[in-house]
Amino acid sequence: MNNSTLKDIQQALNIIRTEIEQVDAETKMTALELIMSTSQSVVVMAKKLIKPKIRIKRVAIPRTKIVR
Numbered sequence: 000m001n002n003s004t005l006k007d008i009q010q011a012l013n014i015i016r017t018e019i020e021q022v023d024a025e026t027k028m029t030a031l032e033l034i035m036s037t038s039q040s041v042v043v044m045a046k047k048l049i050k051p052k053i054r055i056k057r058v059a060i061p062r063t064k065i066v067r
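Numbering that gives the first Met the number 0 numbers the first residue of the sequence shown as 0 and each following residue consecutively.
Written out as structure tokens, the structure reads:
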């Protein structure tokens, strides 16, 4: 993520902050719930990106056969 993306996100959050100051408490709580759910989904997505991918490789095991 580059700096311009972070700057855009910060500007959007500042706009939300100024709009929330002008509304009632119920609307503030609803907006806070929306922001929290968005944050949770971003965290889940980020965890998926950093989770190491596990590859399973099947290996043939050599066995000795006793012949009489």
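Using N, Cα and C, we set each Cβ at its ideal position, and we do this for glycine too.
LYS6 sits away from ILE19, with the two beta carbons spaced by 8 Å or more. DSSP, reduced to helix, strand and coil, places ARG16 within a helical segment of the structure shown. Excluding its 5 nearest sequence neighbours in each direction, ASN13 has no C-beta neighbour in its own chain below 7 Å. For GLN21, there is no enclosing alpha helix (DSSP H), since its DSSP letter is neither H nor E.
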